[in-house]
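S.K.:
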Amino acid sequence: MRNLALAGWLRSVGCLAMAWLGLLGSLFVPSEAWSQAIEVETPRRETQATAEPGTSADINRIERPFLWKLTPEEGAPQYLLGTIHVRDERILKLHPAITKALEETEVLYVELAPADQVNQIGFLTLPAGTRLSDKLDAKTIQRIDHQLGLMREGLSTSGLLPFRVWAWPLMLPNLKAQLAAGNQPVLDMLLVEKAIENEWPVRSLEHVDSQLAGFDKLTDAEQLAFLRATLDAMEEEETEEEDSLEELVGIYLRGDLDALSDEFQEEFFDGSIAKETADKIFAALMTSRNRVMAETIAKAIKDEPDTTHLFAAGAGHFAVGPTVVELLKEQGWKFERVEPSVDAEE
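Using the numbering used here, read the sequence shown as starting at 143 and increasing by one per residue.
#1: Tell me the residue span of the alpha helix (DSSP H) that contains residue 370.
#2: When the Cα atoms are used, what is the spatial distance from residue 298 to residue 425?
#3: In this structure, what does DSSP give as the bridge partners for residue 479?
#4: One question on the structure: do residue 391 and residue 436 come within less than 7 Å of each other, judged by their Cβ atoms?
#5: Who are the Cβ neighbours of residue 442 in its own chain at under 6 Å, not counting the five residues just before and after it?
#6: Less than 7 Å between the C-beta atoms of residue 252 and residue 330, yes or no?
#7: Taking just the CA atoms, how far does residue 275 sit from residue 240?
#8: CA-CA distance, residue 259 and residue 408?
#9: Straight-line CA distance for residue 194 to residue 369?
#10: For residue 265, I'd like the list of residues in its chain whose CB is within less than 6 Å of its CB, leaving aside the five on either flank, ordered along the chain.
#11: Which residues does DSSP pair with residue 251 in a beta bridge?
#12: Just verifying my parser: in three-state terms, what is the DSSP assignment at residue 465?
#13: With DSSP collapsed to three states, give me the class of residue 399.
#14: Check the DSSP bridge columns for residue 221 and list the partner residues they point to.
#15: Kindly indicate which residue of 455, 309, 376 and 335 has the alpha-carbon position closest to the one of residue 356.
#16: Residues in its own chain within less than 6 Å of residue 277 by CB, not counting five upstream and five downstream?
#17: For residue 415, which of 448, 366 and 380 has the nearest alpha-carbon?
#18: Give a yes or no on whether the C-beta atoms belonging to residue 352 and residue 254 are separated by under 7 Å.
#19: Tell whether a beta-carbon distance below 7 Å holds between residue 205 and residue 387.
#20: Start and end of the alpha helix (DSSP H) containing residue 357?
#21: Sorted by chain position, which residues of the same chain lie with C-beta nearer than 8 Å to residue 362's C-beta, five sequence neighbours on each side aside?
#22: Going by DSSP, name the residue or residues bridged to residue 267.
#23: Go to residue 292, then tell me how far its alpha helix (DSSP H) extends in each direction, as first and last residue.
#24: Taking the CB atoms as reference points, tell me whether residue 226 and residue 457 lie closer together than 7 Å.
#25: Starting from residue 340, trace the alpha helix (DSSP H) in both directions and tell me its first and last residue.
#26: Which residue comes first and which comes last in the alpha helix (DSSP H) that contains residue 416?
#27: In angstroms, rounded to a whole number, what distance separates the CA positions of residue 101 and residue 327?
#28: Report the residue from 428, 305 and 290 whose alpha carbon sits nearest the alpha carbon of residue 463.
#29: Here's the rule I'm using: 16 or more other beta-carbon atoms within 10 Å means buried, otherwise exposed. How should residue 215 be labelled?
#30: On the three-state DSSP scale, how would you describe residue 238?
#31: Taking the continuous alpha helix (DSSP H) assigned at residue 425, which residues delimit it?
#32: Would residue 261 be called buried (16 or more neighbouring beta carbons within 10 Å of its own) or exposed?
#33: Nearest to residue 292 by alpha carbon, out of 445, 468, 376 and 454?
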């Protein structure tokens, strides 16, 4: 698969996952987890790379937020916010509509609350006593080490925890992004910080086991195909001058739901791996998780109808169907996208 974001997961599928699904940084590999494996000592990136006028890099803030609102006849308003798990200062310049939603928020939901993120490592690593070399051939491990070495001199699998085969395609792009950006936060982290400052409860939309369970259903051959396709994409990206991460950031800043949906369809089903395997990965990343999130959101609204909740998740969950918005609509919760007003922009 062509590695679009790095990728995250992060943005290949790993890249998309990182950036749009939370699988991203928040999702699969929170910075707390990575800090257990390596020390991240890169300077914070203060400026964006220069770009030709008219490109996505020429956009300096969110123009149209991935924000939906439910205004019930009885009870408090509710919000859905699509995020992107990429460290970029332009994303942190909150749109006025997002700021307004935060002013009304009383409870924040994110994919995984900080208290639950500490349990991720146990699901991502191989059983005690199992080595990566027990699962992968030497050449594939060398390819992983090559990518790690490009991120930081001397970094290799021998210095990291023994992650499961399916975890590497998700985490390599995430680690690449984290090392490149240093301590700069992602939007989800910023939201959690605001919640802590305002003493809002922070809750999880998912459970660690349900979030990652779909990947354990992949056969050994499918996991290997997933990993090799991701490595192929990252190696291809080494020779490309195009900034694929910038493309994804541009989609987010413009709030282009159709373009985001198209990216997922193109990247997941580009023929680089068998369709049956792609379907299973897609279900693990997207379909199954959308249903879990929708169930959590519906229950929260039913249990606390007079409380305003902000439910934040990777924007991909609101772009590829059945989306979280569509699943909630089936249950009678009709969220409408918040369109920026001219006054709010000024």
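Just so it is clear, CB atoms sit at the ideal spot from N, CA and C, and this is done for glycine as well.
M.R.: According to the structure shown:
#1: By 1-based counting over the sequence shown, the position of residue 370 is 228. Its alpha helix (DSSP H) spans residues 362-380.
#2: Working through the sequence shown from its first residue, we reach residue 298 at position 156. Working through the sequence shown from its first residue, we reach residue 425 at position 283. Near 30 Å, if we compare the C-alpha coordinates of residue 425 and residue 298.
#3: To locate residue 479, count along the sequence shown from 1; it is residue 337. For residue 479, which the question treats as bridged, DSSP gives the partners 210.
#4: Position 249 of the sequence shown, counted from the first residue, corresponds to residue 391. Position 294 of the sequence shown, counted from the first residue, corresponds to residue 436. No, Cβ-Cβ distance for residue 391 and residue 436 is not below 7 Å.
#5: The sequence position of residue 442 within the sequence shown is 300, counting from 1. Around residue 442: 451.
#6: Numbered from its first residue, the sequence shown carries residue 252 at position 110. Numbered from its first residue, the sequence shown carries residue 330 at position 188. Yes; because the gap between Cβ atoms is below 7 Å, this pair is in contact.
#7: Here the question's residue 240 lines up with position 98 in the sequence shown. Here the question's residue 275 lines up with position 133 in the sequence shown. Near 47 Å, if we compare the C-alpha coordinates of residue 275 and residue 240.
#8: Counted from its first residue, the sequence shown places residue 259 at position 117. Counted from its first residue, the sequence shown places residue 408 at position 266. Between residue 259 and residue 408, the C-alpha separation is close to 30 Å.
#9: Residue 194 sits at position 52 when you count from the first residue of the sequence shown. Residue 369 sits at position 227 when you count from the first residue of the sequence shown. Only weak support is given to the placement of residue 194: the predicted model assigns it a pLDDT of 44, under 50, and the value that follows is read from those uncertain coordinates. Their backbone Cα atoms lie some 34 Å apart in a straight line.
#10: As a position in the sequence shown, residue 265 is number 123, starting the count at 1. 350 and 354, listed in sequence order.
#11: Looking up residue 251 in the sequence shown gives position 109. DSSP output for residue 251 lists 345 and 453 as bridge partner(s).
#12: Counted from its first residue, the sequence shown places residue 465 at position 323. Note: residue 465 maps to coil in three-state DSSP.
#13: Here residue 399 refers to the residue found at position 257 when the sequence shown is read from its first residue. Looking at residue 399 - three-state DSSP - the assignment turns out to be helix.
#14: One-based indexing of the sequence shown puts residue 221 at position 79. Paired residue(s): 211 and 452.
#15: By 1-based counting over the sequence shown, the position of residue 356 is 214. Checking every option, the nearest Cα to that of residue 356 belongs to 309.
#16: Translated into positions along the sequence shown, residue 277 becomes position 135. If we look at residue 277 and ignore the five residues flanking it on each side, its Cβ neighbours are 307.
#17: Translated into the one-based positions of the sequence shown, residue 415 becomes position 273. Checked all of 448, 366 and 380; the closest Cα to residue 415 is 366.
#18: By one-based count along the sequence shown, residue 352 stands at place 210. By one-based count along the sequence shown, residue 254 stands at place 112. No.
#19: Your numbering for residue 205 matches position 63 in the sequence shown. Your numbering for residue 387 matches position 245 in the sequence shown. Contact: no.
#20: Indexing the sequence shown from 1 puts residue 357 at position 215. That run of the alpha helix (DSSP H) goes 350-358.
#21: Translated into the one-based positions of the sequence shown, residue 362 becomes position 220. Counting only Cβ-Cβ distances below 8 Å, and skipping sequence neighbours, we find 277 and 307.
#22: Walking along the sequence shown from the start, residue 267 turns up at place 125. 305, per the DSSP bridge assignment.
#23: On the sequence shown, position 150 is the one that residue 292 refers to. It spans 280-293 - the alpha helix (DSSP H) in which residue 292 sits, taken as one unbroken run.
#24: Sequence index remark: in the sequence shown, residue 226 carries index 84 (1-based). Sequence index remark: in the sequence shown, residue 457 carries index 315 (1-based). Yes.
#25: To locate residue 340, count along the sequence shown from 1; it is residue 198. Run containing residue 340: 329-340, per the alpha helix (DSSP H) assignment.
#26: Counting from 1 along the sequence shown, the entry for residue 416 is found at position 274. Careful: residue 416 lies outside any alpha helix (DSSP H) and carries neither H nor E.
#27: With the chain represented from 143 up to 488, any question about residue 101 goes unanswered, as that position is not in the structure.
#28: Locating residue 463 in the sequence shown gives position 321, where the first residue counts as 1. For the residues 428, 305 and 290, the minimum Cα distance to residue 463 belongs to 428.
#29: Residue mapping note: residue 215 aligns to position 73 of the sequence shown, counting from 1. Counting Cβ neighbours within 10 Å, residue 215 comes out exposed, since fewer than 16 surround it.
#30: Walking along the sequence shown from the start, residue 238 turns up at place 96. Correct three-state label for residue 238: helix.
#31: Here residue 425 is taken as the residue at index 283 of the sequence shown, counted from 1. Per DSSP, residue 425 belongs to no alpha helix (DSSP H) and is neither H nor E.
#32: As a working note, residue 261 is residue 119 in the sequence shown. Classification of residue 261: exposed, given that the 10 Å Cβ count is below 16.
#33: Within the sequence shown, residue 292 is the residue found at index 150, counting from 1. Closest option to residue 292, Cα to Cα, is 376.
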